[in-house]
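J.: This is the structure I want to talk about, given as structure tokens.
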Amino acid sequence: MRLSTGFLLLAGIGLAGIACICLNSSSPSPRQMSLTQELRRIVRVNELTDLCLFTEARYTRHPAVADLHSAFQDHPSALDHFPSGSIMP
Numbered sequence: 001m002r003l004s005t006g007f008l009l010l011a012g013i014g015l016a017g018i019a020c021i022c023l024n025s026s027s028p029s030p031r032q033m034s035l036t037q038e039l040r041r042i043v044r045v046n047e048l049t050d051l052c053l054f055t056e057a058r059y060t061r062h063p064a065v066a067d068l069h070s071a072f073q074d075h076p077s078a079l080d081h082f083p084s085g086s087i088m089p
């Protein structure tokens with residue numbers, strides 16, 4: 001078998017796998033629907049207004065309202081104290 005045939009076979013299997021994942025995720029299961037409804041109820045009852053990605057530091061809670069300079073509040077070359085700071089921009 002040529003290398004190009006093996007590559008095309010592997011690429012085809014990979015694309016078929018991605019297609020199966022996309023088709024499976026396009027229709028939510030009843031369990032996912034009930035979870036979504038429960039989360040919406042929690043948001044409504046608690047009157048939550050914002051998405052909280054991380055709870056460690058104020059500059060990692062929500063990217064839209066982040067104070068990007070507060071990570072360096074000790075001094076400009078200070079290392080970040082929290083691991084989630086390396087994920088956020």
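Under my numbering, the residues of the sequence shown are numbered 1 to 89, in order. Glycine is no exception: its CB is placed at the ideal position from the N, C-alpha and C atoms.
Give the straight-line distance between the Cα atoms of Glu38 and Leu9, rounded to the nearest whole angstrom.
T.: One C-alpha to the other measures close to 43 Å.
J.: To the nearest angstrom, report how far apart Ala12 and Ala19 are at their CA atoms.
T.: The identity of residue 12 in the sequence shown is Gly, whereas the question assumes Ala. Looking at the two C-alpha atoms, the distance is approximately 10 Å.
J.: In three-state DSSP terms, what is Ser4?
T.: Of the three classes helix, strand and coil, the one that applies to Ser4 here is helix, per DSSP.
J.: Beta-carbon within less than 7 Å of Asn36's beta-carbon, same chain only, minus the 5 sequence neighbours each way: which residues are those?
T.: Reading off the sequence, residue 36 comes out as Thr, not Asn. If we look at Thr36 and ignore the five residues flanking it on each side, it has no Cβ neighbours.
J.: I need the straight-line Cα distance from Leu3 to Leu48, nearest angstrom please.
T.: 55 Å
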